[in-house]
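**Q** The sequence shown runs 1 to 151 under the UniProt record's numbering. Ideal Cβ placement from N, Cα and C applies to all residues, glycine included.
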Amino acid sequence: MAAPGPVLCRMVAVKITKDMDCFLQKLRQKIKIGVVGGSDFEKVQEQLGDDLDRKENIRQKFVEDLRKEFAGKGLTFSIRGQISFDVFPDGWDKRYCLGHVEKDGYKTIYFFGDKTMPGGNDHEIFTDPRTVGYTVAAPEDTCRICEELFC
1 MAAPGPVLCR MVAVKITKDM DCFLQKLRQK IKIGVVGGSD FEKVQEQLGD DLDRKENIRQ
61 KFVEDLRKEF AGKGLTFSIR GQISFDVFPD GWDKRYCLGH VEKDGYKTIY FFGDKTMPGG
121 NDHEIFTDPR TVGYTVAAPE DTCRICEELF C
């Protein structure tokens, strides 16, 4: 069996519940690098509990460790959604599309996102000088702001 990768080792080092630790130890035996997330939201939420990530900042701590571990490797890490985070090459965040939109001649580019805080996957495009950014928590927020802007 291959040695566990640095990503899984970082996840196990984060303070988590005994049940989650057991789950990750079993997972560690099956894969080289991995993290909880993705396709079975209900199962992951059952493992993490409704508020565990918010209370313990598990993903934030994990992402901070990954940023240190892979510093200078050309990777960006950002928290997204309720149970996951993104890893992508530097410069390939949501701002990538802005050059294309600018070429089409748009003068004002509005952006609506829920993860606009530093470390969130909307932060870079939200703070980009080419956009007018709005933080929203629900589709209704987006509708309300659009009505204020355009009606």
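(1) The alpha helix (DSSP H) that contains Phe62, what's its start and end?
(2) Tell me the residue span of the alpha helix (DSSP H) that contains Thr142.
(3) Taking just the CA atoms, how far does Gly119 sit from Val36?
(4) My output table needs one value for Tyr134: the three-state DSSP class, helix, strand or coil.
(5) Is Val136 closer than 8 angstroms to residue 170 when the C-beta atoms are compared?
(6) Using 8 angstroms as the threshold, is the stretch 121-132 in touch with the stretch 91-99, meaning 3 or more CB pairs across them?
(7) What span of residues does the beta strand (DSSP E) with Gly113 cover, start to end?
(8) Can you check whether the CB of Ile79 is closer than 8 angstroms to the CB of Lys115?
(9) Among the residues of its own chain, which have a CB less than 6 angstroms from the CB of Met1, if the five just before and after it don't count?
(10) In this structure, does DSSP put Leu27 in helix, strand or coil?
(11) Quick check on Arg59: buried or exposed, where buried means 16 or more other Cβ atoms within 10 Å of its Cβ?
(12) Just mark Arg144 as buried or exposed, buried being the case when its beta carbon has 16 or more other beta carbons within 10 Å.
(13) What does DSSP give as the partner residue(s) for Thr76 in the beta ladder?
**A** According to the structure shown:
(1) 58-69
(2) 139-150
(3) With a pLDDT of only 48 at Val36, under the threshold of 50, the placement of this residue in the model should not be trusted; the figure read from the coordinates follows. Each residue's Cα considered, the two are about 18 angstroms apart.
(4) strand
(5) What the structure shows of the chain is the stretch from 1 to 151, and residue 170 is not part of that stretch, so it cannot be assessed.
(6) yes
(7) 109-113
(8) yes
(9) Any reading at Met1 is ruled out, since the residue's pLDDT is 39, under 50, leaving its predicted position unreliable.
(10) Interpretation of Leu27 is limited by its pLDDT of 49, a score under 50 that renders its predicted location unreliable; the figure taken from the coordinates is listed afterwards. Here Leu27 sits in helix by DSSP.
(11) buried
(12) exposed
(13) Phe88
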